[in-house]
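S.K.:
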Amino acid sequence: MFGSREELELTDFYGKVAIVTGGNSEIGYVTIQFLAEQGAKVYMGSRNEEKALKAIEEIQANLCQRNKTDGSVHWLRLDLSDPRLVKRAAEELLQKEERLDIIG
Numbered sequence: 013m014f015g016s017r018e019e020l021e022l023t024d025f026y027g028k029v030a031i032v033t034g035g036n037s038e039i040g041y042v043t044i045q046f047l048a049e050q051g052a053k054v055y056m057g058s059r060n061e062e063k064a065l066k067a068i069e070e071i072q073a074n075l076c077q078r079n080k081t082d083g084s085v086h087w088l089r090l091d092l093s094d095p096r097l098v099k100r101a102a103e104e105l106l107q108k109e110e111r112l113d114i115i116g
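This is how it looks when you write it as structure tokens:
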């Protein structure tokens, strides 16, 4: 109902597999953290391993502080500027996962 103070029920992300690009900062970072809090297994698609691993460490620390440890965050080397590298990242993901539920 419009104007209702009742909390809206969001989609259940528990156990879902997601890939999010641009997760080192800003909206991608927040998206990854949200999905992991909800119990998703999230792959951070990023070219820069050092920045990605630093962001993942911060996200995991935040999750532990809030006792939200059902989800997980992993780095996936992904460079969207080169189709061959995108294909390589997709092949790597397919070796690890049977499905992909969310792309962000």
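When you line the sequence shown up against my numbering, it's residues 13 to 116, in that order.
Beta carbons: idealized from backbone N, C-alpha and C, even for Gly.
Take every Cβ of the stretch 74-81, pair it with every Cβ of the stretch 98-105, and state whether three or more of those distances are shorter than 8 Å.
M.R.: no
S.K.: I need the straight-line Cα distance from Lys63 to His86, nearest angstrom please.
M.R.: Position 51 of the sequence shown, counted from the first residue, corresponds to residue 63. Position 74 of the sequence shown, counted from the first residue, corresponds to residue 86. Taking C-alpha positions only, Lys63 is separated from His86 by approximately 13 Å.
S.K.: Measure the alpha-carbon distance for Val54 versus Gly34 and round it to whole angstroms.
M.R.: Against the sequence shown, residue 54 aligns to sequence position 42. Against the sequence shown, residue 34 aligns to sequence position 22. Distance between the alpha carbons of Val54 and Gly34 is about 13 Å.
S.K.: Provide the residue(s) that pair with Gly57 in DSSP beta bridges, ordered along the chain.
M.R.: Against the sequence shown, residue 57 aligns to sequence position 45. Beta-bridge pairing links Gly57 to Thr33, Leu88.
S.K.: Using a Cβ-Cβ cut-off of 7 Å (strictly less than) and excluding sequence neighbours within five positions of Glu109, which residues of its own chain qualify?
M.R.: Within the sequence shown, residue 109 is the residue found at index 97, counting from 1. Excluding residues up to 5 positions away in sequence, Val29 lie with their Cβ nearer than 7 Å to the Cβ of Glu109 in the same chain.
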